[in-house]
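Asks: Residue numbers (my numbering): 11 to 152. Built from N, CA and C at the ideal position, the CB exists for glycine as well.
1. Between the C-alpha atoms of residue 71 and residue 133, what's the straight-line distance to the nearest angstrom?
2. Below 8 Å, how does it come out for the stretch 99-115 and the stretch 46-62: are there three or more Cβ pairs, yes or no?
3. Quick check: what's the CA-CA separation for residue 53 versus residue 145?
4. Any heavy atom of the ligand SAH within a distance shorter than 6 Å of the CB on residue 60?
5. Apart from the five residues just before and just after residue 142, which ones in its own chain have a Cβ nearer than 6 Å to its Cβ?
6. Given residue 95, which residues of its chain have a CB within under 7 Å of its CB, disregarding the five upstream and five downstream residues?
7. So residue 83 and residue 148 are supposed to be a Cβ contact under 8 Å. How far apart are they, rounded?
8. Could you give the distance in angstroms between the alpha-carbon of residue 128 and the alpha-carbon of residue 98?
9. Note down the Cα distance separating residue 135 from residue 122, rounded to an integer number of angstroms.
Below, the structure written as structure tokens:
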């Protein structure tokens, strides 16, 4: 099961700007290098729309590998995005935080893993379940 192992707040006020170069590295044949800087950027500008509602979580486990979420990834989670069917969410189930895809149908609401070997988690009115937010991006450090 993919679990959240760390939660941190988004700090979009740091102002740390890193150069973004004009050249685009080729993933095929090599191209000559370029020292021209296009602009400076803060990576949060690409990841975060709502700084006051956004937080990061670091995950552990393999249950979302089918959605390209791997153990050690840092997810960008936005609490202002509505958790609708089909979205990947961070939820607390009986006090344990998990990352799953939300599925809502006429048969009910479920949290679904994206790897074989994990049963859907049915959500009922009696469950202690709280959806913290919707995953809007991820960062993978190699």
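Replies: Walking through what the data contain:
1. 21 Å
2. no
3. 17 Å
4. Summarising the ligand content, the structure contains no ligands, and the ligand SAH is consequently not present.
5. Non-local beta-carbon contacts of residue 142 in its own chain, meaning distances under 6 Å to residues more than five positions away in sequence, involve 100 in chain order.
6. For residue 95, where only same-chain residues beyond five positions count, the Cβ hits under 7 Å are 112, 113, 114.
7. With 8 Å as the limit, residue 83 and residue 148 qualify as a contact, their Cβ atoms being about 5 Å apart.
8. 16 Å
9. Their Cα atoms are separated by approximately 18 Å.
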